[in-house]
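Numbering (our numbering), first residue to last: 3 to 148.
Structure first, then comments.
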């Protein structure tokens with residue numbers, strides 16, 4: 003490679019080798035630039051996916067909180083339903099007992115009425131007999147001479 007200490011003309015072969023090396027370096031530079039652009043595009047896509055994932059995670063946490071609140075509400079409603087069912091059962095039992103007592107009182111009153119009706123009928127017959135006897139006695143008194 004002696005070019006007379008770079009004062010002379012290089013050989014044609016040396017120029018060709020250097021040109022090839024420059025082209026190779028230029029190709030490597032273009033390749034590296036392309037790789038850099040691809041990495042930047044990939045990084046932007048990954049960053050976008052990360053932001054979306056973070057938003058989805060926040061939504062998920064909010065939904066979990068809502069589900070937890072709803073579960074507590076459902077549990078509270080279930081407890082209230084149980085309490086109301088127990089009250090309904092107690093009220094139903096009370097109503098049945100009152101109905102049973104009223105039915106007993108009604109039977110007792112019906113029996114008393116029947117007894118009074120029988121007694122009233124007997125007394126009416128006796129009254130009728132006594133009135134008939136009284137009328138006969140009055141007739142006899144009026145027909146008898148004094």
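Just so it is clear, CB atoms sit at the ideal spot from N, CA and C, and this is done for glycine as well.
None of these values were measured; they are calculated from a predicted model.
- Taking the Cα positions, residue 72 is about 10 Å away from residue 79.
- Where residue 13 is concerned, there is no enclosing alpha helix (DSSP H), because DSSP gives it neither an H nor an E.
- Here the alpha carbons of residue 70 and residue 81 stand approximately 17 Å from one another.
- The straight-line gap separating the alpha-carbon atoms of residue 91 and residue 101 is approximately 15 Å.
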